[in-house]
Amino acid sequence: MSLIATLARLEAVSTGRAQPAATVRHRHLSTRPLVFVPLITAGEAGAPLGALVGTDRDAPRLLAVPQPRDRDLRFAFLAELADVVLPYIDGFADVVEPAERSETDPETGKRVKVEVELCADAPQLIVPSRAGIDLVRLLGRSTRFRRTAEQDPETPFPAPPRVPLLGRWLTHFGERARVPGSSLLLAMTDVLGRHWATGQSSLEDQHLGALLAWIAPPEGRSGAEAAQEAELARDAAGQLLCPPAGPATDPAFDNRLLAPAIERYDRARTALAAAEDGLEADDRLGALTAAEREIRALVASRTRPTWDAVWQGLDLLRELPEGSRVEERWTRDRWSFTGHRDRVASGEPPQPRRDDAVTAANKLATREREQSRLEAQEALDDPLVMAARRLSGEAFAGEVVDVVMAYSESKRPSPRPLVTVRTDDGPHLGERARAYRSLGGKPQTVEFVGYEDGPEGGLLVLRVLDRMGRGKEPEPGSVPEKGDRLCFTLFEHEPRGGAKLPDPEETPWTHGGPPGEEPAPEPADQVTEEDIL
Amino acid sequence: MPAKALDARALAALAANPGCRRRAILDGAGVNKAALAGALGSPSAFGQSQFALVRGNAFEAKVKADGGTELLRLAHEKLDRGSEPPAEARVPDLTAQGPQGRTARTELALREAAGAPGAWTLLDHPMLALDVAGSPAFLEPDAVVVHPDGSWTVVEIKSFPLLDGAADPAKVGAAARQAAVYVLALEQVAARVEPAPRVRHRILLVCPKDFSNLPTASAVDVRKQRAVTARQLARLTRIEEIADALPEGTCFSPDLPAEQLTRAVEAVPAAYAPECLSACELAFHCRDRSRAEGAVTSLGRPVRAELGGLTTVEDVLAAARGEAGDPDDPAVAALRRAAALRAEALGTASREVAPCP
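In order, the protein sequence lines correspond to chains A and B.
Here full-length UniProt numbering is used: the first residue of the first sequence is 1, the next is one more, and so on.
Here full-length UniProt numbering is used: the first residue of the second sequence is 1, the next is one more, and so on.
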């Protein structure tokens, strides 16, 4: 955390309100995001208890699993979830625009432009917290290898149709969320925490209710008070007034409300199974429905406050103007979405459990590249982020006090004007260090020549190196003028990736060697008796 | 109010914050901190869902079923492939009266196993004593395995899943820190046996496989955690020293009125940091105090580290505004620079003129 961010937190403590940590919005927000507020059962891996899901803030779809340990009910939940999520995703898959992509021609080996489709927009999934992203990934993992009766009539416990497809999409969203700056799947606490500094630690910012209490405290109350209440206040029955954003539930809720309700449901189900005649069965079916309705009401009562909080967070974020380079990053998300759409359509098998060496190395390289791109773009979009970079000596801003025309020493002299800039910042400039400024959205490179009157004077002499056109005289507007206020960065605006990795067929033996024949589709997880405890 | 024994989890947490005298003395005295926090008016938020409890117990029972056949098979496969497979394992009865009795019984069983090498022995819920800041803590690992070569392995059974061979790193880390405490305690026992058996530094972490209830295991190297814990435990201020500094007649009974209790608790200094929230029952109380004092550590340890000698929110803000502090102090100078840059950035943003096009 930079000192500027620390200062913002301290100001938040003293004013009782969260302070801005950004002046623009650094993440894309869809006009129609799909909000997903899941709950899980404690102690079991990927056993959903219920969820609220939908694109309409006033009409979420409530899903509940009255007995989370029952495999059939779990599948029913996933099938219902697929009924909401997949049509939403499909809605973006068909609206395309033409785009170009460079590919290697298999015959000549040259890079050529290929005309391809790019989805005009992409779906966006929003979960309350970081743990929600992990759950999306876990649900993806637990369902993408499942087999439906259609795929494999022999499979014991076939999954409902479309559930494996849901798993592949959730896996894709979960993987994409690991790429810095991506917005296909966002955790509300992360995005809010990026834009506001609260008067509590980043650990405590993981609580969505407390975070929102700092950003938008209720009338007449301080953020600290409201946040503490959101964290801890309980009603007379010992239940949290602001339930945790999940997916884990509060143990007090599990023990006092949920466990008895599930027990009643189990009893009603056993009673129904033991019914001896139609009349009795009718009665007992009524009891079972009532028990199920009770659990649904419990799930709704714990998810609805979080659902409303997520939408409140979206409202707050929409008030911020979007950063100018956010759109560019969203285009990358659209490419990612289009790519996965194509892989699904072409019948590729689900994402493997473990990536091969080349895929894994590529993923890591992408994440590193996107991380440095994100850092550069956020700074260029947002003076507050740039201020932190200036403080750390990675950028400097100042006024141009002198411009002297000069030329390079070559057969065809090109303009190399010398610009003197007065700055209060202390950039870490080495001899002939490069710095960059944004000129019409493109980076212009300058070279550090020296200090006019020693390092303490704050007068830097810089030589402009490019973006001045081809002629002897620089193009108008391409050279800074006296009196201009400029900001230079020592980091590149468009970071380059590392060396290209070999194709999978060329994997060196140190990394397992080339993959063998067409890999067999991975088998589904073995179903064991133990799945149902 | 019965004394609450120190467990490995508490010790690992204590070792994570060795400067906290409050925690050291309360734990050392066996005070039930959850009850104390309730009496102070800042109840802890710890609790375990009965679903997790049931599942955890069912899993542990399954792992240890049939005299630990499955557990020993995993230990053989993951840790000790060179030795003979465990066909006939000894599972000594460790029941005894009280923690001291159980510790003695465990030590006896370990000595017996050392006296008759060449076989596998499984100790189900043994009890180990560890000297912590001058008072003994009794620890109960899930199991300890004695290998045919006479070496000992700590077994940790957890109910979080090992998914495609990988588990949640935070949970594995917690398990490793906990196991490191057991390794330390076992080493103390081993030092008393002649010749001293080797305590293995790779523990066996047993977890459910993927989405099933089938056990699978992984060897986890806890050398680092062991070294850290050993150092922190050695650094712990001796409890008598803390107790000597207390006013005469200090009592932490949760039956006392809240005011008196608060005074008693306040008599011992705490070292609150946000990490305490997930490790200590008293954390909410300490957080309230820390916030009321305006301590910058309540925003996180790294924040404190950045600010040099300035420890309260108002000090820092006054220094940043130029109302206080020595401008030659590098921390103060950096703060003023940060404050100026921040004000400039926010000012330009509100005028909607981007300084850096």
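Heads up, the beta-carbon is just placed ideally off N, CA and C, and yes, glycines get one too.
As the structure is a prediction and not an experimental result, all values here were calculated from the model.
Residues of the region 37-52 of chain A in Cβ contact with chain B at a cutoff of 7 Å, in chain order, please.
T41, A42, G43, E44, A45 and G46
Is there a C-beta anywhere in chain A that falls below 9 Å from the one on B/D210?
yes
Answer yes or no: do B/R235 and B/A16 have a C-beta to C-beta separation smaller than 9 Å?
no
Below 8 Å between beta carbons is the criterion; list the residues of the region 195-209 of chain A that meet it against any residue of chain B, in chain order.
G199, Q200, S201, S202, L203 and E204
On the three-state DSSP scale, how would you describe A/G513?
coil
Could you check whether the Cβ of A/I2 sits closer than 9 Å to any Cβ belonging to chain B?
Looking at the sequence shown, residue 2 of chain A is not Ile but Ser. Taking Cβ atoms only, chain B reaches closer than 9 Å to A/S2, which makes this a yes.
Can you find a C-beta in chain B that's less than 9 Å from the C-beta of A/E231?
yes
Pick helix, strand or coil for A/Q377, following the three-state DSSP scheme.
helix
If contact means a Cβ-Cβ distance below 7 Å, which residues of the region 386-400 of chain A contact chain B?
M386, A387, R390, L391 and A397
Identify, in the order they occur along the chain, each residue of the same chain with its Cβ nearer than 7 Å to the Cβ of A/L208, setting aside the five sequence neighbours on each side.
P128, S129, M188, T189, A245, T306 and A309
Start and end residues, beta strand (DSSP E) containing A/R437:
R434 to L439
Against chain A, does B/L335 count as a neighbour if the rule is that its beta carbon must be under 9 Å from one of theirs?
yes
Go ahead and label residue 444 of chain B buried or exposed: buried means 16 or more other beta carbons lie within 10 angstroms of its beta carbon, across all protein chains shown.
What the structure shows of chain B is the stretch from 1 to 357, and residue 444 of chain B is not part of that stretch, so it cannot be assessed.
Taking the alpha-carbon positions, what's the A/G132 to A/P38 distance?
7 Å
Should B/R81 be labelled buried (16 or more other beta-carbon atoms within 10 Å of its own) or exposed?
exposed
What residues from chain B crowd round A/D308, counting only those whose CB sits closer than 8 Å?
Within 8 Å Cβ-Cβ: nothing; A/D308 doesn't reach chain B, min ~22 Å.
Taking only beta-carbon positions, decide if B/E241 is within less than 9 Å of chain A.
no
Check the Cβ of A/S14 against every Cβ in chain B and list those closer than 9 Å, keeping chain order.
G294, V313, E314 and L317
Distance cutoff 9 Å, beta carbons only. Does A/D525 sit that close to anything in chain B?
yes
Using C-beta distances below 7 Å, list every residue in its chain close to A/Q371, excluding the 5 sequence neighbours before and after it, in chain order.
P180
Taking one C-beta from the region 200-208 of chain B and one from the region 140-160 of chain B each time, how about it: are there three or more such pairs within less than 8 Å?
yes
What did DSSP end up calling A/V24 once you bin it into helix, strand or coil?
coil
Does the distance from the CB of B/A137 to the CB of B/A129 come in under 9 Å?
yes
Could you give the distance in angstroms between the alpha-carbon of A/S2 and the alpha-carbon of B/P330?
15 Å
Stretch-stretch touch, CB-based, cutoff 8 Å, three pairs: the region 456-467 of chain A with the region 418-434 of chain A
yes
B/L261 and B/T229 - do their beta-carbons sit closer together than 9 Å?
no
Nearest by alpha-carbon distance to B/A258: which of B/S42, B/P215, B/D7 and B/G30 is it?
B/S42
To the nearest angstrom, how far is the alpha carbon of A/L285 from that of A/A268?
8 Å
Neighbour-count burial assignment, B/R321, 16 or more Cβ in a 10 Å radius
exposed
What first and last residue would you give for the alpha helix (DSSP H) that runs through A/E97?
Element bounds for A/E97: not the alpha helix (DSSP H) but the beta strand (DSSP E), V96 to T104.
What number of angstroms, rounded off, separates the C-alpha of B/R238 from the C-alpha of B/V222?
26 Å
Going by Cα to Cα distance, which pick from B/F51, B/L94 and B/A175 is closest to residue 392 of chain B?
No answer is possible for residue 392 of chain B: it lies beyond the span of chain B, which begins at 1 and ends at 357.
What separation, rounded to the nearest whole angstrom, lies between the Cα atoms of A/T55 and A/L314?
12 Å
Taking a Cβ distance cut-off of 7 Å, strictly less, list which residues of the region 358-389 of chain A are near chain B, in chain order.
L380, P383, L384, M386 and A387
Under 8 Å: do the region 163-171 of chain A and the region 132-145 of chain A share three or more Cβ pairs, one atom per stretch?
yes
For chain A, is any of its Cβ atoms less than 9 Å away from the one on B/D164?
yes
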